[in-house]
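Enquirer:
In our numbering, the protein residues as written are 1414 to 1598.
Here is the structure:
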């Protein structure tokens, strides 16, 4: 009897492993059509062109800095699951655990009673290749933001320092004092 159970469990093991999302893309594809889920996908070229077009017409230094950072972003995915969706707590924790197994590292992890925020990154050669923000609230709402990037950790730390300490924003000017223009697409 034990050998029969062992054989059955070995046969079912690949099916259980296949049900778990192996990447952010698979998790997004598996859950985007479920009841109570809103999703949005923005291609990277549109982010690049849009931020470049707006950059030259904006005078606010702070906004110009954000637009320069936006040019370092690629494809962007956003998924929001309303409370009562069919995604369970073990699905979310399994997804985060799976991301850790696939070279994602926690940049920020915050937990407050039933709320949870995971900010995960995947690095390669001192650049953040992919960024995942997963927010789970106590009422069952889940928000997933995923983006391919060419950011450096220094870019994020400089942004946080400027925002928290209210430091002046760098002026992107060349040596003659003219504003730097970004190439248009």
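For every residue, glycine included, the Cβ atom is placed at its ideal position computed from N, Cα and C.
Would you decide whether residue 1442 is buried or exposed? Buried here means 16 or more other CB atoms lie within 10 Å of its CB.
Expert: Position 29 of the chain shown holds residue 1442. By the neighbour-count rule (16 or more Cβ atoms within 10 Å), residue 1442 is not buried but exposed.
Enquirer: Pick helix, strand or coil for residue 1571, following the three-state DSSP scheme.
Expert: Against the chain shown, residue 1571 aligns to sequence position 158. The answer is helix: DSSP assigns residue 1571 an H, G or I state.
Enquirer: Which residue wins for smallest C-alpha separation from residue 1440, given the options 1565, 1571 and 1558?
Expert: To locate residue 1440, count along the chain shown from 1; it is residue 27. With distances taken between Cα atoms, residue 1440 lies closest to 1558.
Enquirer: Which first and last residues belong to the alpha helix (DSSP H) in which residue 1460 is found?
Expert: Working through the chain shown from its first residue, we reach residue 1460 at position 47. Start and end: 1457–1468.
Enquirer: Cutting at 8 Å between CB atoms, please list the residues of its own chain near residue 1568, excluding the five before and the five after it.
Expert: Position 155 of the chain shown, counted from the start, is the residue given in the question as residue 1568. Excluding sequence neighbours, residue 1568 sits near 1482 and 1485.
Enquirer: Where does residue 1586 fall in DSSP's three states?
Expert: One-based indexing of the chain shown puts residue 1586 at position 173. No answer about residue 1586 holds up, because its pLDDT of 42 lies below 50 and its placement is not dependable.
Enquirer: Measure the C-alpha to C-alpha separation of residue 1560 and residue 1531 and round it to an integer number of angstroms.
Expert: Here residue 1560 corresponds to residue number 147 of the chain shown, with the count starting at 1. Here residue 1531 corresponds to residue number 118 of the chain shown, with the count starting at 1. Counting only the Cα atoms, residue 1531 lies some 14 Å from residue 1560.
Enquirer: At what residues does the alpha helix (DSSP H) containing residue 1556 begin and finish?
Expert: As a position in the chain shown, residue 1556 is number 143, starting the count at 1. For residue 1556, no alpha helix (DSSP H) run applies; the uninterrupted beta strand (DSSP E) run containing it begins and ends at 1555–1564, by DSSP.
Enquirer: Out of curiosity, what's the CA-to-CA distance linking residue 1528 and residue 1554?
Expert: For this step, residue 1528 is matched to residue 115 along the chain shown. For this step, residue 1554 is matched to residue 141 along the chain shown. Cα to Cα, the separation comes out at about 10 Å.
Enquirer: Suppose the cutoff is 7 Å on Cβ atoms and the five residues either side in sequence are ignored; what does the same chain contact list for residue 1509 look like?
Expert: Here residue 1509 refers to the residue found at position 96 of the chain shown. Answer for residue 1509: 1531 and 1547, listed in chain order.
Enquirer: Go to residue 1500, then tell me how far its alpha helix (DSSP H) extends in each direction, as first and last residue.
Expert: What you label residue 1500 is simply residue 87 of the chain shown in a count that begins at 1. From DSSP, residue 1500 is part of no alpha helix (DSSP H); its letter is neither H nor E.
Enquirer: Buried or exposed: which applies to residue 1578, given that a residue is buried once 16 or more other Cβ atoms fall within 10 Å of its Cβ?
Expert: On the chain shown, position 165 is the one that residue 1578 refers to. Label assigned to residue 1578: exposed.
Enquirer: Helix or strand or just coil, what does DSSP make of residue 1543?
Expert: Locating residue 1543 in the chain shown gives position 130, where the first residue counts as 1. In the three-state DSSP reduction, residue 1543 falls in the strand class (E or B).
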